[in-house]
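Protein chains in written order, with full-length UniProt numbering: chain A, 1 to 122; chain B, 1 to 122.
Since the structure comes first, as structure tokens, the remarks are kept for the end.
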């Protein structure tokens, strides 16, 4: 199966949806694809949707943070949306600030958040 | 690999992105997931993004049409976006109207098209 983490473009915003736990190789491919797409498509913001993830362990939390940092390095604003209730509770219990990015409940709020941040920055 | 075709919710619209050719079992799972999600999430429109597909053969064209029909049956407006230039040429050469749904160039236009259609219908 030629699996790829999906990347959708909506105006200047790239939307990506992590569907499942990723292997090391998939993480690396995903992050490279995303950074390349930010450049190619002239995107100024990225929304990472994790509503399909029922479990986020410390590895996946780190993957999400690293991806956000990589996207910021190439100049894109980042938000994470769709954190399931159980995931939120687990992250709190893990006792760390796992997401040092903006997090929102749903995709609409994430789009609004990154657009507001980009507008402020311009 | 627990592969799922992604489903994103943006307001009343579900956005799905077909990443790769699907097997029969995956098609059936995808269509059921989509129809179920339309009901659960009270969606009134669906956008099917196929920008990740470099090739659309007659099987995949039928899958996309059938999926659109299933979504319409449960009351959702449907648009297909992201048809690659080579895919467009192939579809024309196949000589059939393969997509009996609205098709648009990009995701923004698809969202605008389904929203306009839903507004007209209300």
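Every residue, glycine too, gets a C-beta built ideally from N, C-alpha and C.
*Please look up how many angstroms separate the CB atoms of residue 9(B) and residue 106(A), rounded, as I've assumed it's under 8 Å.*
7 Å
*Using the beta-carbon of each residue, which ones in chain A are nearer than 9 Å to residue 33(B)?*
Within 9 Å Cβ-Cβ: nothing; residue 33(B) doesn't reach chain A, min ~11 Å.
*Report all residues from its chain with a CB closer than 6 Å to the CB of residue 56(A); omit the five preceding and five following residues, and keep chain order.*
87
_For a test of the three-state rule: what should DSSP assign to residue 20(B), helix, strand or coil?_
coil
*Cutoff 8 Å; reference residue 92(A); Cβ partners in own chain excluding five residues on either side*: none
*Under the three-state reduction of DSSP, which class applies to residue 102(B): helix, strand or coil?*
strand
*According to DSSP, is residue 38(B) helix, strand or coil?*
helix
*With DSSP run on the structure shown, which of helix, strand or coil describes residue 49(B)?*
strand
*What do you get for residue 82(A), buried or exposed, if any count of 16 or more other CB atoms within 10 angstroms of its CB means buried?*
buried
_Span of the beta strand (DSSP E), counted from its first residue to its last, around residue 78(A)_ = 77-81
*Write down the C-beta distance between residue 31(B) and residue 67(B) rounded to the nearest angstrom, noting that I regard them as a contact closer than 8 Å.*
5 Å
*How many Å lie between residue 18(B) and residue 65(B) at the Cα?*
13 Å
*Which value, in whole angstroms, describes the spacing of the CA atoms of residue 25(A) and residue 51(A)?*
22 Å
*Spatial neighbours of residue 103(B) within its chain, please: CB distance less than 8 Å, with the 5 preceding and 5 following residues excluded, ordered by chain position.*
79, 80, 81 and 83
*According to the Cβ coordinates, are residue 101(B) and residue 45(B) closer than 8 Å?*
no
*Does any CB atom of chain A fall closer than 8 Å to the CB of residue 17(B)?*
yes
*I think residue 74(A) touches residue 39(A), with their Cβ atoms under 8 Å apart; what is that distance to the nearest whole Å?*
6 Å
*Between residue 117(B) and the rest of its own chain, which residues show a CB-CB distance below 7 Å, the 5 nearest in sequence each way excluded?*
77
_Between 110(A), 21(A) and 6(A), which has its C-alpha nearest residue 59(A)'s C-alpha?_
21(A)
*Bridge partners of residue 64(A), per DSSP?*
DSSP, once it has assigned bridges, lists no residue as partnering residue 64(A).
*Hey, does residue 49(A) have any beta-carbon neighbour from chain B nearer than 8 Å?*
yes
*So what's residue 109(A) in DSSP terms, helix, strand or just coil?*
helix
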